[in-house]
Amino acid sequence: MLRKIVNLSINYPWIVIISFILITIFFALQLPNTVIDADLKNEIPADMTSRLNMDRIEEIFGGTEVVILALKSEDVLKEDTLYRVKELTERLESLEEVDQVNSPFTLEDIRGENNQLIIEDSIINIPQNEQEREALRERIKDNDLVYGSIISEDFKAVAVIAILREGIKDKKILDEIDKIIREVSGDEELYLAGLPIVRAEVANNMQKDMKKFIPLGLLIMLIFLYLCFRELSGVLLTLAVMLVSIIVAMGLISLFGWKLQLITIILPVILLAITNDYAIHIIAKYQQDGNLNPAASNKELISGVIGDLGTPIIVAGLTTIIGLLCLLAHIIISAKQLGILAAVGNGLAILGSLFLVPALLVVLPKRDFIKDDNQKKKEGLIAKLLIIISNLVTQRPKKVIITSTIVIIILSFGIPLIKVDTNPINYFDKDSDIVKSDNIINSYFGGSTNISIVAKGDIQNPTIMRKIDDLEKTLKEHESIGEVMAVSKAIRKMNQVLHNDDSLFYKIPDSKNAIAQYFMLYSMSADLDKVVDFDYRYSLINARIPSNSTNQVREVVKYIKDYINKDSDSPFVIIGGFADLLSQLVNSVVQGQTTSLILSLTVIALIVIGIFRSFFAGLLSIIPLGIAMVSLFGLMGYFNIELNMVTALLSSIMIGVGIDYTIHFLWHYREEKRNKNSTEAVRTTLLTVGKAIIFNALSVVFGFIVLMLSNFLPIRFFGFLIVVSISTCLIGALVVLPTICILFKPKFLEVGTVSNYNLEVN
Numbered sequence: 001m002l003r004k005i006v007n008l009s010i011n012y013p014w015i016v017i018i019s020f021i022l023i024t025i026f027f028a029l030q031l032p033n034t035v036i037d038a039d040l041k042n043e044i045p046a047d048m049t050s051r052l053n054m055d056r057i058e059e060i061f062g063g064t065e066v067v068i069l070a071l072k073s074e075d076v077l078k079e080d081t082l083y084r085v086k087e088l089t090e091r092l093e094s095l096e097e098v099d100q101v102n103s104p105f106t107l108e109d110i111r112g113e114n115n116q117l118i119i120e121d122s123i124i125n126i127p128q129n130e131q132e133r134e135a136l137r138e139r140i141k142d143n144d145l146v147y148g149s150i151i152s153e154d155f156k157a158v159a160v161i162a163i164l165r166e167g168i169k170d171k172k173i174l175d176e177i178d179k180i181i182r183e184v185s186g187d188e189e190l191y192l193a194g195l196p197i198v199r200a201e202v203a204n205n206m207q208k209d210m211k212k213f214i215p216l217g218l219l220i221m222l223i224f225l226y227l228c229f230r231e232l233s234g235v236l237l238t239l240a241v242m243l244v245s246i247i248v249a250m251g252l253i254s255l256f257g258w259k260l261q262l263i264t265i266i267l268p269v270i271l272l273a274i275t276n277d278y279a280i281h282i283i284a285k286y287q288q289d290g291n292l293n294p295a296a297s298n299k300e301l302i303s304g305v306i307g308d309l310g311t312p313i314i315v316a317g318l319t320t321i322i323g324l325l326c327l328l329a330h331i332i333i334s335a336k337q338l339g340i341l342a343a344v345g346n347g348l349a350i351l352g353s354l355f356l357v358p359a360l361l362v363v364l365p366k367r368d369f370i371k372d373d374n375q376k377k378k379e380g381l382i383a384k385l386l387i388i389i390s391n392l393v394t395q396r397p398k399k400v401i402i403t404s405t406i407v408i409i410i411l412s413f414g415i416p417l418i419k420v421d422t423n424p425i426n427y428f429d430k431d432s433d434i435v436k437s438d439n440i441i442n443s444y445f446g447g448s449t450n451i452s453i454v455a456k457g458d459i460q461n462p463t464i465m466r467k468i469d470d471l472e473k474t475l476k477e478h479e480s481i482g483e484v485m486a487v488s489k490a491i492r493k494m495n496q497v498l499h500n501d502d503s504l505f506y507k508i509p510d511s512k513n514a515i516a517q518y519f520m521l522y523s524m525s526a527d528l529d530k531v532v533d534f535d536y537r538y539s540l541i542n543a544r545i546p547s548n549s550t551n552q553v554r555e556v557v558k559y560i561k562d563y564i565n566k567d568s569d570s571p572f573v574i575i576g577g578f579a580d581l582l583s584q585l586v587n588s589v590v591q592g593q594t595t596s597l598i599l600s601l602t603v604i605a606l607i608v609i610g611i612f613r614s615f616f617a618g619l620l621s622i623i624p625l626g627i628a629m630v631s632l633f634g635l636m637g638y639f640n641i642e643l644n645m646v647t648a649l650l651s652s653i654m655i656g657v658g659i660d661y662t663i664h665f666l667w668h669y670r671e672e673k674r675n676k677n678s679t680e681a682v683r684t685t686l687l688t689v690g691k692a693i694i695f696n697a698l699s700v701v702f703g704f705i706v707l708m709l710s711n712f713l714p715i716r717f718f719g720f721l722i723v724v725s726i727s728t729c730l731i732g733a734l735v736v737l738p739t740i741c742i743l744f745k746p747k748f749l750e751v752g753t754v755s756n757y758n759l760e761v762n
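Per full-length UniProt numbering, the very first residue in the sequence shown carries number 1; after that it's consecutive.
Printed below as a string of structure tokens:
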């Protein structure tokens with residue numbers, strides 16, 4: 001049936017070729033519509049708690065995203081530095097994209113003078129001499145709203161924080177800020193931080209990676225293909241299949257209304273790595289049959305090749321597609337999208353190999369089939385390696401099993417050491433500007449990772465205000481929390497000032513009327529809409545975490561939630577912010593990794609059970625995959641490589657690709673077992689199909705190796721780990737699996753126990 005369908009492309013090649021060209025052109029025209037999205041928030045479903053809470057907080061208090069300009073010098077109270085800070089403040093306030101600016105020139109100083117409450121800007125006049133500067137220094141030390149949060153405690157750093165309006169495009173505001181910085185430059189070191197800065201850097205590096213991955217990946221693959229075929233036509237035919245797959249898959253992004261995100265930028269590389277194999281087998285078989293029968297016509301050769309390889313290509317392709325579709329088990333939105341797009345691209349590669357390649361071979365002039373001594377020499381190197389492997393597994397099978405078991409046990413102890421990380425700051429090298437800026441914010445201003453807690457009720461009620469006050473003090477005492485901002489600070493300070501600065505009154509007053517009056521007095525000189533709403537029904541408490549460690553952030557979030565849940569009458573109804581998002585992403589990454597791993601192993605095992613009609617076949621087939629998984633996660637633990645949104649994709653991709661090696665070996669071993677004992681059958685299988693399996697693995701390794709040049713650490717590690725995992729899959733299939741066949745002699749591999757599939761690989 002398959003041969004009859006494929007013969008259509010042999011008999012009507014130009015219809016097939018033109019159809020593929022038109023399809024490719026259509027999807028290529030969609031590529032300019034692809035939009036880059038670097039927002040981590042959009043990686044999680046809209047109905048997840050952390051995202052809903054962030055949206056709700058913005059709905060109540062307006063925009064919460066900030067851009068932080070931090071200036072560092074020997075003494076930030078020097079005249080030149082303060083003039084620069086003042087000008088930066090005024091220029092930022094003039095931007096329509098900025099809702100509010102927090103700086104020493106806008107934040108209030110609450111103090112008493114002649115039994116009167118004075119609320120004014122922390123810095124009104126810039127000191128002109130040393131005496132005025134020291135007087136200002138003492139005033140700032142007594143100002144809880146500025147000291148330690150806007151001006152560092154050692155007076156070596158000062159921050160200007162621009163709170164942005166909702167819905168502002170990152171590029172627009174950052175271009176404006178860049179212009180201001182250029183025009184207000186000075187001798188101070190200047191650092192930029194904030195989520196808009198991170199997103200902009202992620203988007204910029206995504207573009208750089210895309211420009212790097214495709215040309216370099218194609219170059220590496222073209223070199224590999226030429227080494228395989230030693231002729232240009234074979235290279236170009238395989239290239240045509242890969243390009244169709246990549247263009248169609250990438251074109252679907254905009255057609256589906258999706259955006260290109262950090263995870264999906266690896267899509268072209270995945271397709272480069274996994275879509276070449278089918279065409280390689282067809283062209284290699286075509287060359288082999290042509291050498292054996294030079295007089296045969298192109299149509300005869302191609303029909304024979306498809307008849308021999310059509311079914312195994314479809315089976316191998318379907319196992320890869322199923323592995324990729326197991327990415328749908330992830331909660332991360334772009335991981336699901338990657339699974340769908342890569343599966344579609346792989347499906348196109350199967351169709352292209354079975355239809356486009358035969359059609360092109362028909363219309364191209366028939367090649368002269370001449371033996372290539374260089375090719376023999378290249379194959380001889382692989383053959384020598386396979387001889388070494390066959391001698392090892394046939395002569396020392398027990399030692400192989402024992403050694404393998406010991407290595408796996410050692411590697412398994414690394415699995416509990418794995419850390420989960422979801423902070424985008426950790427995407428970048430430690431010496432990058434964005435990491436340096438983040439470290440400055442963490443060191444001098446109490447942290448860059450924010451968690452927000454919303455209190456609901458009558459905020460002017462002393463009971464609720466005391467609970468806000470207690471929460472603020474409790475958070476401040478936590479060793480992993482830096483700066484804490486809450487309206488209770490200002491209430492305490494005003495209460496003290498209006499009681500002759502008596503420290504005993506540095507507390508929340510007992511009277512609701514007193515709190516209401518303090519709010520009225522404060523609102524006359526300050527903007528309260530970022531800490532309380534208009535009706536005084538909601539109040540916002542912000543805490544900063546001075547750490548890039550997701551585990552530490554997660555511990556802080558858990559501590560806050562546990563503290564709040566202890567009080568049955570707690571007024572705190574929302575916990576949100578970027579820290580909460582990171583914390584929930586940890587759970588999503590772990591859950592997605594676990595679910596996709598179990599699902600992919602189960603489905604692949606069921607497929608193998610169906611092929612070999614044996615439950616034990618399914619168990620045996622996942623042994624090489626299990627070895628690869630233990631090696632992968634063990635090495636991640638030992639080498640401190642975090643499990644993140646990118647590396648969590650490894651298992652499904654590796655399983656979908658790696659199962660082919662096991663199926664090919666088991667099938668050919670079963671055929672050799674017809675007239676040989678187990679040891680002889682293993683040796684013959686390794687020396688024949690082993691070469692095809694190695695070349696299959698090498699094509700995947702060479703395809704993924706370009707990821708090691710990424711600007712993002714997770715993608716670099718992904719490239720390294722996929723090479724390691726495919727290599728260990730290969731070792732499992734060519735070393736451990738043959739040894740098991742020799743020692744345990746599985747009954748399902750005896751002749752007559754397997755369904756009638758033709759899985760020959762050439």
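For every residue, glycine included, the Cβ atom is placed at its ideal position computed from N, Cα and C.
No experiment lies behind these values; they were computed from the predicted model shown.
- G577 and T550 have their C-alpha atoms spaced approximately 14 Å apart.
- Contact between the segment 488-507 and the segment 404-424 is absent: fewer than three C-beta pairs spanning the two stretches fall below 8 Å.
- Following the DSSP letters along the chain, one finds F702 inside the alpha helix (DSSP H) bounded by residues 678-704.
- Annotated three-state conformation of I68 is strand, per DSSP.
- Positions of the alpha helix (DSSP H) runs, each at least 4 residues long and wholly inside the segment 544-603, are given as 550-565 in order along the chain.
- The Cβ atoms of G304 and D289 lie closer than 9 Å to each other.
- Secondary structure note for N102: it is in no alpha helix (DSSP H), and the uninterrupted beta strand (DSSP E) holding it is 98-102.
- Shortest Cα-Cα distance from L475 to any of I560, A455, K456, Y538 involves I560.
- Around the C-beta of Y278, 16 or more other C-beta atoms lie within 10 Å, and the residue is accordingly described as buried.
- Non-local C-beta neighbours of I641 in its own chain, meaning closer than 6 Å and more than five positions away in sequence, comprise F717, ordered along the chain.
- In the three-state reduction of the DSSP assignment, Y147 falls in the strand class, which pools E and B.
- Three or more beta-carbon pairs drawn from the segment 267-278 and the segment 348-364 are found closer than 8 Å, and the two stretches are therefore classed as touching.
- Between R56 and L528, the alpha-carbon positions lie close to 18 Å from each other.
- Under DSSP, M485 shares a beta bridge with N542.
- Judged by beta-carbon spacing, M654 lies within the 9 Å limit of I726, meaning their Cβ atoms are closer than that value.
- Beta bridge pairing from DSSP links S404 with no other residue.
- Rounded to the nearest whole angstrom, the C-alpha separation of L686 and S443 is 59 Å.
- Between I302 and I10, the CB-CB gap stays under 9 Å.
- Taking a cut-off of 8 Å for Cβ pairs, the segment 254-263 and the segment 328-347 touch, as three or more such pairs fall below it.
- Fewer than three beta-carbon pairs drawn from the segment 656-669 and the segment 436-451 are found closer than 8 Å, and the two stretches are therefore not classed as touching.
- Excluding five sequence positions before and after I180, the CB atoms of its chain that fall closer than 6 Å to its own CB belong to R91, given in chain order.
- Using a Cβ-Cβ distance cut-off of 8 Å, the segment 63-70 and the segment 193-212 are in contact, since at least three pairs of beta carbons, one from each stretch, lie closer than that value.
- Rounded to whole angstroms, the separation of the alpha carbons of N7 and L381 is 37 Å.
- Here F744 is actually not in contact with S614; their C-beta atoms are around 13 Å apart, not less than 8 Å.
- Distance from the Cα of R670 is smallest, within the candidate group L599, L737, D569, for L737.
- A distance of 9 Å or more separates the beta carbons of S600 and A273.
- In this structure, L620 sits near I740, with a CB-CB distance shorter than 9 Å.
- For A135, the number of other beta carbons within 10 angstroms of its own is below 16, and it is reported as exposed.
- Taking I313 as the centre and dropping the five residues before and after it, the same chain places the C-beta of Y278, H281, I282, I350, S353, L354 closer than 8 Å to its C-beta, in chain order.
- If you draw a straight line from the Cα of L348 to the Cα of R544, it comes to about 49 Å.
- Excluding five sequence positions before and after V241, the CB atoms of its chain that fall closer than 6 Å to its own CB belong to A279, A349, G352, S353, given in chain order.
- Ranked by how close their Cα comes to the Cα of D431, the residues G148, Q131, F712 have F712 in first place.
- Taking a C-beta distance under 9 Å as the contact criterion, L145 and E108 qualify as a contact pair.
- Distance from the CA of A203 to the CA of E183, rounded to the nearest whole angstrom, comes to 25 Å.
- Sorting I220, I44, V630, E750 by C-alpha distance to the C-alpha of H668 places E750 at the top.
- Each residue's CA atom was taken as its position, placing E93 and D458 some 32 Å apart.
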